[in-house]
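**Student:**
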Amino acid sequence: MRPSHFLPCVIMLPFFATCPKGLESLLSDELQTLGASQVQETVAGVSFQGKLDVAYRACLWSRLASRIMLQLADFPMRDDMDLYLGASNIEWEKHIQEGQTFAVDFSGSNRAITNTQYGALKIKDAIVDRLSKRRGERPNVDKRYPDIRILAHLKRERVSITLDLSGPALHQRGYRQQAGEAPLKENLAAAILLRSGWDAKRPLLDPMCGSGTLLIEAALMAADQAPGLLRPRFGFMAWSGHDRELWQSLHAEATVRATRGMNKAEAVIYGFDQDRRVLEFARENAGAAGVEHLINFTQGALSELTNPSEQPGWVISNPPYGERLSEFPSLLGLHQGLGDTLRAQFKGWHVSLISSSPELLSCLRLRPEKTYKLFNGALACELRNYAIAEDAKPARPLAEDFANRLAKNIKALDKWARTEGIDCYRLYDADLPEYNAAIDRYQDHLVIQEYAAPKSVPEHKARARFFDLVQAAMTVTGVPGSKVVLKVRARQKGREQYEKLDKREQWMEVQEHNARLLVNLHDYLDTGLFLDHRPIRKRLGELSKGKDVLNVFAYTGSATVHAALGGARSTTTVDMSKTYLGWAERNMQLNGMTGRRHQYVQADCLNWLAKSGDDFDLIFADPPTFSNSKRMEDSFDVQRDHLELLHLLSKHLRKGGLLVFSNNKRNFKMDMDGLAALGLTAKDITRATLPKDFARNPQIHNCWEIRWSEQ
């Protein structure tokens, strides 16, 4: 917005305007419309020259700048003495009045100045010494609310010193009363509006408006109101060089333009959000900005959004983009739904969306006409501009081959699961190579585990396929994103699969045959229940009546629960983890299994087996494939060390007893000769313990029944 006239000032002055990265070219254009000359862009800023009125106009009218600064000095700096002397040469008495306070902010470093506080201290000392010498009075420093703020920036061997004309950063317009989570800064919102191509006349809708920053900035543009008009204070107001009459004239001109603009504004602006509380923040902010009459706010879920205008316009928004994998399913569903709504409801409209997640924007399944790189603070973002065709068709179903396979699997497994009395089972296990993931149902939740893609598949392609799979899975199953849990599974060693991922502490009770078990879908890579071992646990229950049972490497004790429910005389549960042993005890209590006949031992299982004198009728051992835990004296490899382990276990196996030995190492080879030398014999029961939902993966585990040879 170019003011209608320029008031003459005496001399040309050097200035510098800062801005978020990515806005430099926009800011350069804006400053030129405000009368700036000698405009030069640099990273996160623009230098320019102009008379004093140009700086005042920039403070008042710039929608993009963060600060406007008067350049005082720029000089080479090899050491701290150069910094002190260079700052001492500035005529501070012309900028800081007697009795005023000041503060120094310092940024950057080199070999001589490695600490920003030290750099600020040297400049402060130079200012104090010069003013004390000339005035005979030491000026005061006020770091929080100074009258004058000095900014210094060091880059390599050169330092620039400037006077902040803005005061509080210019993006702080003065209208924001309250905000929701992670609101856009006002100057970034203005940049989004400018990059979108919106003409400040046609309709504008933000379907996820939050506390309303985009809408309010749009209303200020439509009303030709200077964004700085609401601010009560600027940094230059305490500066010795401030021209009060010039400023009052420019401020009065802006006030008249705003009054006229408010009455002539043509654009109809719509705000939509599902959060009633945040929408109230938006209304309050709009009221504080004086533009509430230009914005129509509506509360509702995104799925309820409809086109509010007969005239095509712009949809401009900052959709949520989570940083945690656990937030992605809901966000994927949100973006997929937004894309569907835009195609169905907003034909002929322009759309501009900003996000730090290009993958989420790709879930819209719209082809951008233009993409801009912007920064929201330190967060790299993309602003994508789209045009919705007048004849836009619904998007084709995602990952059709995968969706068809998943639907087929569900049809085959759901009835079987109900008959078996189980409500957690595997629906899909990398059935199609290009969709390399596993999907497990836990009642009304899905746990989707992404397997590491082969090196031959580019990472971006594998990521896109995975997101397609997740969206298709939600569509086929009808499970909302809030009940979908995503996990990434690469090759794990030892107990890496048990490491903590989150801290939700959300527990779910599931049914497995006659057992009730607790699972945690969020906090760990595994849920606390190995689904492929279900038939093994059932068999242990059938074998346990009247027997003393040992469950070693017990994890969360689900096998112990089945043994206890099967009528075991006693159970002993051994695991190295206090967390999982406590989980095991909770599982037992959930099934009414308490008392002294059920023992829980926290110990390194190998050490315990070597030292304990107890013996048992039935032993279940499911060791890790590999472990090098700090709490173990040596590493453990199930292929290398299984004979030693079986030897230790056999010392606790009564005559006539049974040892059920399982592991998950692919291509595991039992040393039958070594086993015979120990006086043991083994029967491979892997196929008999492979459940229907894992039939496609016969190498998911190995299972053996081991007895004394003479039995």
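Here the sequence shown stands for residues 1 to 711, numbered as in UniProt numbering. Heads up, the beta-carbon is just placed ideally off N, CA and C, and yes, glycines get one too.
Does the Cβ-Cβ distance between T249 and G481 come in under 8 Å?
**Tutor:** By one-based count along the sequence shown, residue 249 stands at place 249. By one-based count along the sequence shown, residue 481 stands at place 481. Before going on, a small fix: residue 249 reads as Ser here, not Thr. Taking 8 Å as the Cβ cut-off, S249 and G481 do not qualify as a contacting pair.
**Student:** If you check the beta carbons only, do residue 782 and V159 fall under 8 Å apart?
**Tutor:** Lying outside 1 to 711, the shown extent of the chain, residue 782 is not represented and no answer is given.
**Student:** Who does I11 pair with in a DSSP beta bridge?
**Tutor:** What you label residue 11 is simply residue 11 of the sequence shown in a count that begins at 1. Answer by DSSP bridge pairing: none, since I11 is not bridged.
**Student:** Look at D693 and R516 and say whether their C-beta atoms are less than 8 Å apart.
**Tutor:** Working through the sequence shown from its first residue, we reach residue 693 at position 693. Working through the sequence shown from its first residue, we reach residue 516 at position 516. For D693 and R516, no; Cβs fall outside 8 Å.
**Student:** Assign V351 to one of two classes, buried (16 or more other C-beta atoms within 10 Å of its C-beta) or exposed (fewer than that).
**Tutor:** Stepping through the sequence shown from its first residue, residue 351 is reached at position 351. It is buried - the Cβ of V351 has at least 16 other Cβ atoms within 10 Å.
**Student:** Where do the ends of the beta strand (DSSP E) carrying R346 lie?
**Tutor:** Here residue 346 corresponds to residue number 346 of the sequence shown, with the count starting at 1. For clarity, residue 346 is Phe in the given sequence; the question names Arg instead. Where F346 is concerned, there is no enclosing beta strand (DSSP E), given that its DSSP letter is neither H nor E.
**Student:** Would you kindly report the start and end of the unbroken alpha helix (DSSP H) that includes D622?
**Tutor:** For the purposes of this step, residue 622 is taken as the residue at position 622 of the sequence shown. Note, D622: premise wrong, no alpha helix (DSSP H); not H, not E.
**Student:** What three-state label does DSSP hand G337 in the structure shown?
**Tutor:** Sequence index remark: in the sequence shown, residue 337 carries index 337 (1-based). Three-state result, G337: helix.
**Student:** What three-state label does DSSP hand A103 in the structure shown?
**Tutor:** As a first step, residue 103 must be located in the sequence shown, where it is residue number 103. Correct three-state label for A103: strand.
**Student:** If you draw a straight line from the alpha carbon of D29 to that of D129, how long is it in whole angstroms?
**Tutor:** For the purposes of this step, residue 29 is taken as the residue at position 29 of the sequence shown. For the purposes of this step, residue 129 is taken as the residue at position 129 of the sequence shown. Between D29 and D129, the alpha-carbon positions lie close to 41 Å from each other.
**Student:** According to DSSP, simplified to helix, strand and coil, what is D684?
**Tutor:** By one-based count along the sequence shown, residue 684 stands at place 684. It is a strand residue.
**Student:** Return helix, strand or coil for P76, following the three-state DSSP convention.
**Tutor:** Translated into positions along the sequence shown, residue 76 becomes position 76. DSSP places P76 in strand when its eight states are reduced to three.
**Student:** CB G271 to CB A282, shorter than 8 Å?
**Tutor:** To locate residue 271, count along the sequence shown from 1; it is residue 271. To locate residue 282, count along the sequence shown from 1; it is residue 282. In contact: G271 and A282 (Cβ atoms closer than 8 Å).
**Student:** Just to confirm before moving on: does the CB-CB distance between L486 and Y435 stay below 8 Å?
**Tutor:** Your numbering for residue 486 matches position 486 in the sequence shown. Your numbering for residue 435 matches position 435 in the sequence shown. Not in contact: L486 and Y435 (Cβ atoms no closer than 8 Å).
**Student:** Report all residues from its chain with a CB closer than 7 Å to the CB of F467; omit the five preceding and five following residues, and keep chain order.
**Tutor:** Here residue 467 refers to the residue found at position 467 when the sequence shown is read from its first residue. Contacts found: L332, E359 and C363.
**Student:** Please return the same chain residues whose Cβ sits closer than 8 Å to the Cβ of G261, not counting the five positions on each side in sequence.
**Tutor:** Taking the first residue of the sequence shown as 1, we reach residue 261 at position 261. A222, A223, D224 and Q225, listed in sequence order.
**Student:** What are the boundary residues of the beta strand (DSSP E) that L152 is part of?
**Tutor:** For this step, residue 152 is matched to residue 152 along the sequence shown. The question names Leu, but residue 152 in the sequence shown is Ala. I148 to K155 is the span of the beta strand (DSSP E), which, as asked, contains A152.
**Student:** Spatial neighbours of Q497 within its chain, please: CB distance less than 7 Å, with the 5 preceding and 5 following residues excluded, ordered by chain position.
**Tutor:** The sequence position of residue 497 within the sequence shown is 497, counting from 1. Since pLDDT at Q497 reaches only 43, below the 50 mark, its modelled position is unreliable, and no value is offered.
**Student:** Taking the straight line between their C-alpha atoms, what separation do you get for L27 and C19?
**Tutor:** Residue 27 sits at position 27 when you count from the first residue of the sequence shown. Residue 19 sits at position 19 when you count from the first residue of the sequence shown. Approximately 8 Å, taken between the alpha carbons.
**Student:** Where does P624 land, buried or exposed, given buried means 16+ other C-beta within 10 angstroms?
**Tutor:** Position 624 of the sequence shown holds residue 624. In summary, P624 is buried, with 16 or more beta-carbon neighbours lying within 10 Å of its beta-carbon over all protein chains present.
**Student:** Less than 7 Å between C-beta atoms, sequence neighbours within five positions excluded: which residues of the same chain meet that for P397?
**Tutor:** Along the sequence shown, one-based indexing puts residue 397 at 397. Apart from the 5 residues on each side of it in sequence, P397 sits with its Cβ closer than 7 Å to the Cβ of A403 in its chain, given in chain order.
**Student:** Can you tell me where the alpha helix (DSSP H) holding F234 begins and where it ends?
**Tutor:** Taking the sequence shown and counting its residues from 1, the one referred to as residue 234 is at position 234. No alpha helix (DSSP H) contains F234, which DSSP labels as neither H nor E.
**Student:** State yes or no: is the C-beta of L23 within less than 8 Å of the C-beta of L64?
**Tutor:** The residue you call residue 23 lines up with position 23 of the sequence shown. The residue you call residue 64 lines up with position 64 of the sequence shown. The answer is yes: Cβ separation under 8 Å.
**Student:** Roughly how many angstroms separate the alpha carbons of P232 and Y145, rounded to a whole number?
**Tutor:** Position 232 of the sequence shown, counted from the start, is the residue given in the question as residue 232. Position 145 of the sequence shown, counted from the start, is the residue given in the question as residue 145. Their Cα atoms are separated by approximately 14 Å.
**Student:** Quick check on Y270: does DSSP put it in helix, strand or coil?
**Tutor:** Residue 270 sits at position 270 when you count from the first residue of the sequence shown. Reduced to three states, the DSSP call for Y270 is strand.
**Student:** Please name the residue in G674, L518 and I619 whose C-alpha comes closest to that of E644.
**Tutor:** Walking along the sequence shown from the start, residue 644 turns up at place 644. Answer by Cα proximity: G674.
**Student:** Tell me, please, which residues DSSP counts as bridged to R384.
**Tutor:** Locating residue 384 in the sequence shown gives position 384, counting from the first residue. R384 pairs with L353 and T371.
**Student:** With DSSP as the reference, label N587 as helix, strand or coil.
**Tutor:** In the sequence shown, counting from the first residue as 1, residue 587 sits at position 587. N587: helix per DSSP, three-state reduction.
**Student:** Thinking just about the alpha-carbon of each residue, which of A152, R149 and N285 is nearest to the one in Q177?
**Tutor:** Within the sequence shown, residue 177 is the residue found at index 177, counting from 1. When each option's Cα is compared against that of Q177, the closest is N285.
**Student:** On the DSSP bridge list, what partners appear for K487?
**Tutor:** As a first step, residue 487 is located in the sequence shown; it is residue number 487 there, counting from the start. Answer by DSSP bridge pairing, in chain order: Q449.
**Student:** In terms of alpha-carbon separation, which member of N702, Q117 and L229 lies closest to P691?
**Tutor:** For this step, residue 691 is matched to residue 691 along the sequence shown. Ranking N702, Q117 and L229 by Cα distance to P691 puts N702 first.
**Student:** Take the Cβ of Q38 as the centre, count every other Cβ of all protein chains shown within 10 Å, and call the residue buried at 16 or more, exposed below.
**Tutor:** By one-based count along the sequence shown, residue 38 stands at place 38. With fewer than 16 other Cβ atoms within 10 Å, it is exposed.
**Student:** If you measure between the beta carbons of H95 and W239, is that distance less than 8 Å?
**Tutor:** The residue you call residue 95 lines up with position 95 of the sequence shown. The residue you call residue 239 lines up with position 239 of the sequence shown. In contact: H95 and W239 (Cβ atoms closer than 8 Å).
**Student:** Could you spell out where the beta strand (DSSP E) holding M593 opens and where it closes?
**Tutor:** Taking the sequence shown and counting its residues from 1, the one referred to as residue 593 is at position 593. M593 -> no beta strand (DSSP E), and no H or E assigned at all.
**Student:** Restricting to Cα atoms, I'd like to know which of S109, G241 and A191 is closest to K373.
**Tutor:** Along the sequence shown, one-based indexing puts residue 373 at 373. Nearest of S109, G241 and A191 to K373, Cα basis: A191.
**Student:** Beta-carbon within less than 7 Å of C209's beta-carbon, same chain only, minus the 5 sequence neighbours each way: which residues are those?
**Tutor:** The count along the sequence shown starts at 1 and reaches residue 209 at position 209. Closer than 7 Å at Cβ, skipping near neighbours: L215, G271, F272, D273 and A282.
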